[in-house]
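If you number the sequence shown the way the working numbering does, the last residue is 545 and the count never jumps.
Using N, Cα and C, we set each Cβ at its ideal position, and we do this for glycine too.
Input: a single structure, listed below in structure tokens.
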Amino acid sequence: MRFPLTLAHILERAGRLFPQSEIVSRLPDRSLHRYTYADFCRRARVLGGALQHLGLKRGDRVATLMWNHHAHLEAYFAIPCAGGVLHTLNLRLHPDDIAYIANHAGDRFLIVDDVLLPLYDKFRDRTKFERVIVVPLTGSSVPAGFEDHEALVAQSVPLEAPVLDEEDPAGMCYTSGTTGRPKGVVYSHRALVLHSLASALPDVLGLGNHDAVCPVVPMFHVNAWGLPFTAVMVGAKLVFPGPNLDAVSLLDLYEREQVTLTAGVPTIWMGILQALEQEPARWKLAAGMRMVVGGAAAPEAMIRAFDRFGLRVIQGWGMTETTPVAAVNYVKRELAQVAGDEHYALRAKQGVPLPFVEVRAMTGDGEAPWDGKTMGELEVRGPWIAARYHELQEEAGKWTADDWFRTGDVVTIDAHGYIKITDRIKDLIKSGGEWISSVDLENALVGHPKVAEAAVIALPHPKWDERPLAVVVLKTGLSATADELRNYLAPKFARYWLPDDVVFVSEIPRTSTGKMMKAKLREQFKGWSETNK
Ligand code: AMP
13 MRFPLTLAHI LERAGRLFPQ SEIVSRLPDR SLHRYTYADF CRRARVLGGA LQHLGLKRGD
73 RVATLMWNHH AHLEAYFAIP CAGGVLHTLN LRLHPDDIAY IANHAGDRFL IVDDVLLPLY
133 DKFRDRTKFE RVIVVPLTGS SVPAGFEDHE ALVAQSVPLE APVLDEEDPA GMCYTSGTTG
193 RPKGVVYSHR ALVLHSLASA LPDVLGLGNH DAVCPVVPMF HVNAWGLPFT AVMVGAKLVF
253 PGPNLDAVSL LDLYEREQVT LTAGVPTIWM GILQALEQEP ARWKLAAGMR MVVGGAAAPE
313 AMIRAFDRFG LRVIQGWGMT ETTPVAAVNY VKRELAQVAG DEHYALRAKQ GVPLPFVEVR
373 AMTGDGEAPW DGKTMGELEV RGPWIAARYH ELQEEAGKWT ADDWFRTGDV VTIDAHGYIK
433 ITDRIKDLIK SGGEWISSVD LENALVGHPK VAEAAVIALP HPKWDERPLA VVVLKTGLSA
493 TADELRNYLA PKFARYWLPD DVVFVSEIPR TSTGKMMKAK LREQFKGWSE TNK
């Protein structure tokens, strides 16, 4: 039987099978909004109908500028099920970039949180949304000139469910690259459905109906890694943090709602860890809560520290172009006996590819052997890997002639199939003809008890071409010297890997999605060796 893989099926099924599952959202005033899947499915359908009534046609893009909450989830399903394309805008970007992205995507409508209207005001004159729908999260009345989201979902205009093709576009996100213009990636219904099925597998995120899932990763960062779709597919309880993302607010929410799986970038978990270490007995979290980490490397020290609290870090690897989950770390049966440092070295790798995702590491001489040593650029292909960027022909070189996507990540792959990222290509350090992995050095540095964060960058060097410089943020109230940290690294690395110097800073610049802005650091410290040696 030919049966289209669409999000409409997931919404329909959720309404029928899981009407009592709960959705909890923390609102900007910190109060909790609660309702059930029955309410969510009904409102999502009505919103879809209302969008059609406002003129939404098949393939039209609808932008969202929203925090993580129930109304955003409604948009996640309403838009694609009405035949439109859900385009989540990153509210942390500069208003100029948001305007560029909305225009490049050709967004017709915008759904925006009332608390984000001041941000919208900063770029509205440069965009041409035909309708702007405001979600009154604070309960205040919606200003004139906008559509009131609550009034729309209170109507009873039924969704005229279009016959969707699984290849129809359902969503799109723009890359949050550290350099260059953002690039748009379009996700089909089929890609999102297959990605959800694979994500829920036991050896991937192991998501089921009994879970309480809290996506801390923003719903504008690659669809919160697909978790809203996957969670609704299995009827899990959903817990949304809204805009309150500090460690204490999150821990309070985890405890209160007994969250079993949460997801975010490493900086979020570093904050959570510091709060737990300061008050180890304060929160009674669900035993074995899984914390999915991605977007940047999860340091080994962090994985160990959470194990001590009975919390399990699961590292995943992905990109906007890979929908995003493409590899996840779990300990394979054949490695279950590996203990101690080796166990943690294994868990700190980015993981093994999901079913239907193929990977290879390419060197100048062809495919690298899976020996855990030979570095090459990671290339991927599979049913939820993008085949092109939205209206950007000049980037076609990111795909090989035989349709592999070049990720720009330099990796090794070991004999068991575990991928380990050593660097982004542009961040690799080449010293005296040898590669040095900045990621390995950073992970080791954050294992030092006084170090909160570390970035290692290449500085030009007259003799060696490049040499590493470590840029370090110390934990509050602590002090350390460059030699102390170099001595700490010395037993772990070859001598030529050791950073020539260590600079202490109060903050490492990060992108809107938590990645270290190494290009900015290289610029900031480009004269360092001459002035300090
Ligand atoms: P984005 O498209 O913004 O999600 O960024 C994708 C990039 O984030 C990847 O190409 C990697 O460089 C990086 N990344 C994602 N997950 C990880 C991870 N687990 N460890 C290290 N880097 C990661």
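Exercise. What's the C-alpha gap between Cys185 and Ala357?
Worked result: 33 Å
Exercise. For the region 451-488, which segments carrying the beta strand (DSSP E) assignment without a break, of at least 3 residues, lie completely within its bounds, in sequence order?
Worked result: 463-473 and 477-486
For this session: Would you identify the three-state DSSP class for Lys344, choosing helix, strand or coil?
Result: coil
Exercise. Counting pairs of beta carbons, one from the region 193-210 and one from the region 474-491, are three or more of them closer than 8 Å?
Worked result: no
Exercise. Looking at Pro336 and ligand 1, is the gap between the Cβ and the nearest heavy atom below 7 Å?
Worked result: yes
Problem set entry | DSSP state of Thr279 mapped onto helix, strand, coil | helix
Exercise. Given a threshold of 16 other Cβ atoms within 10 Å of its Cβ, counted over all protein chains shown, does Lys545 qualify as buried or as exposed?
Worked result: Note that Lys545 scores 49 on pLDDT, short of 50, meaning its location in the model is unreliable; the coordinates nonetheless yield the value given after this. Burial call: exposed.
Exercise. Looking at C-beta atoms only, is the number of pairs between the region 371-381 and the region 433-445 that lie closer than 8 Å three or more?
Worked result: no
Problem set entry | Nearest-angstrom beta carbon gap, Val340 and Ala308 [assumed within contact, 8 Å] | With 8 Å as the limit, Ala308 and Val340 do not qualify as a contact, their Cβ atoms being about 15 Å apart.
Exercise. Pick from Gly61, Met528, Trp447 and Thr525: whose alpha carbon is nearest that of Phe505?
Worked result: Trp447
Exercise. Taking 7 Å as the line, does the beta carbon of Ala309 fall inside it for any heavy atom of ligand 1?
Worked result: yes
For this session: Can you give me the Cβ contacts of Glu454 inside the same chain, cut-off strictly under 6 Å, excluding the 5 residues immediately before and after it?
Result: Ala466 and Val468
Exercise. Is Lys385 helix, strand or coil by DSSP?
Worked result: coil
For this session: Would you kindly report the start and end of the unbroken alpha helix (DSSP H) that includes His65?
Result: Tyr49 to His65
Exercise. Over what stretch of residues does the beta strand (DSSP E) that includes Thr375 continue unbroken?
Worked result: Glu370 to Thr375
For this session: From the DSSP output, in three-state form, read off Gln5 for me.
Result: Past the boundaries of the shown model lies residue 5; the chain is included only from 13 to 545, so the question cannot be answered.
Problem set entry | Validate contact between the region 210-221 and the region 237-244 using beta carbons, cut 8 Å, 3 pairs | yes
Problem set entry | First and last residue of the uninterrupted alpha helix (DSSP H) at Pro240 | Leu239 to Val246
For this session: Note down the Cα distance separating Thr18 from Val234, rounded to an integer number of angstroms.
Result: 18 Å
For this session: Give the C-beta separation of Leu122 and Val144 to the nearest angstrom, bearing in mind that I take them to be a contact with Cβ-Cβ under 8 Å.
Result: 5 Å
Problem set entry | Where His402 falls: helix, strand or coil (DSSP) | coil
Exercise. Under three-state DSSP, which class holds Glu179?
Worked result: coil
Exercise. Does ligand 1 have a heavy atom nearer than 7 Å to the CB of Lys195?
Worked result: no
Exercise. Is Leu288 near Tyr266, with beta carbons less than 8 Å apart?
Worked result: no
Exercise. Using the C-alpha atoms, what's the distance from Leu257 back to Val229?
Worked result: 10 Å
For this session: Please find out if some non-hydrogen atom of ligand 1 comes closer than 7 Å to the beta-carbon of Lys438.
Result: no
Exercise. Short check: CB of Asn102 to CB of Met231, under 8 Å?
Worked result: no
For this session: Classify His106 as buried or exposed, calling it buried when 16 or more other Cβ atoms lie within 10 Å of its own Cβ.
Result: exposed
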